[in-house]
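Numbering (our numbering), first residue to last: 18 to 268.
Single-structure report; data block below.
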């Protein structure tokens, strides 16, 4: 299994100085090993389980070790809001490695959009399937995506068994046609009941693939019952129940 020491020296220094890391989590080591071997992967981890780094560390490592000067990775999200939420984190990590990131979706103003002609090509593109469809319709798309090596699909479970999922599969095939490289597909998801089926849907029978899973630790459940309380008593009871911990409250 790949370890921290297998990462490109620049990436090691970024993680040590910027994130105070000197080792990788289990899920990140497993992802790095599988991607280095050329496999498609589906990363299953709970919230804050390290999924984003599990996808981007192998990608950044590969770009640093074999730079092409062209677009190398596409990150796809079902939601513009998720892209906006992840942008600062991804851009910060990539920029420290000397790599560039472009963001393309419906809320990005025309002047800030990535254009195939007349501009420097980013190393990584953050976009939605719908915006990627527009890019692939450009006459210069095949050249722009000619050295693409990675596609990261966040919240991939949101696509399966929907019309957007059919659209996504078509886009993956079109990217494979446009690129002269073998494109590794990386899916990110919270725990789902049918991970093998989801991985097979994302990949293809002839492709090498691996499921990367981080078991969720057993959660302690606590129940608080309030019998006919007034409004403020309910608020006080809820505050006491969740104080000092992350919680979801259903009302």
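Idealized CB from N, CA, C, for every residue including glycine.
- Two segments are said to touch when three or more pairs of C-beta atoms, one from each, lie closer than 8 Å; by this definition the stretch 28-36 touches the stretch 97-116.
- Per DSSP, the beta-bridge partners of residue 167 are 90, 201.
- When rounded, the separation of the alpha-carbon atoms in residue 207 and residue 61 is 5 Å.
- The residues 44, 45, 48, 60, in chain order, have a CB closer than 6 Å to that of residue 71 in the same chain once the five nearest residues on each side in sequence are set aside.
- Closest in C-alpha terms to residue 23, from the list 170, 163, 79, 142, comes 79.
- DSSP places residue 225 outside any alpha helix (DSSP H), giving it a letter other than H or E.
- Residue environment for residue 167: buried (at least 16 other C-beta atoms within 10 angstroms of its C-beta).
- Remark: C-beta atoms of residue 169 and residue 218 do not approach each other more closely than 7 Å.
- Look at residue 24 here: in three-state DSSP terms it is coil, with no helix or strand label.
- A direct Cα-to-Cα measurement between residue 163 and residue 182 gives close to 24 Å.
- Taking the CA atoms as reference points, residue 173 sits about 6 Å from residue 205.
- Apart from sequence neighbours up to five positions away, the residues of its chain that approach residue 225 with a beta-carbon distance below 8 Å are 54, 55, 56, 57, ordered along the chain.
- Excluding sequence positions up to five before and after residue 156, its CB lies less than 7 Å from no other CB in the same chain.
- According to the DSSP assignment, residue 209 belongs to no alpha helix (DSSP H), since it is labelled neither H nor E.
- Residue range 68-82 is occupied by the alpha helix (DSSP H) that includes residue 79.
- As DSSP reads the structure, residue 121 sits in a beta bridge with 144.
- For residue 190, the three-state secondary structure derived from DSSP is helix.
- Collapsing the DSSP output to three states places residue 96 in coil.
- Residue 228 holds the alpha-carbon nearest to the alpha-carbon of residue 51 among 259, 228, 252, 249.
- At the C-beta level, residue 87 and residue 122 stay beyond 7 Å of one another.
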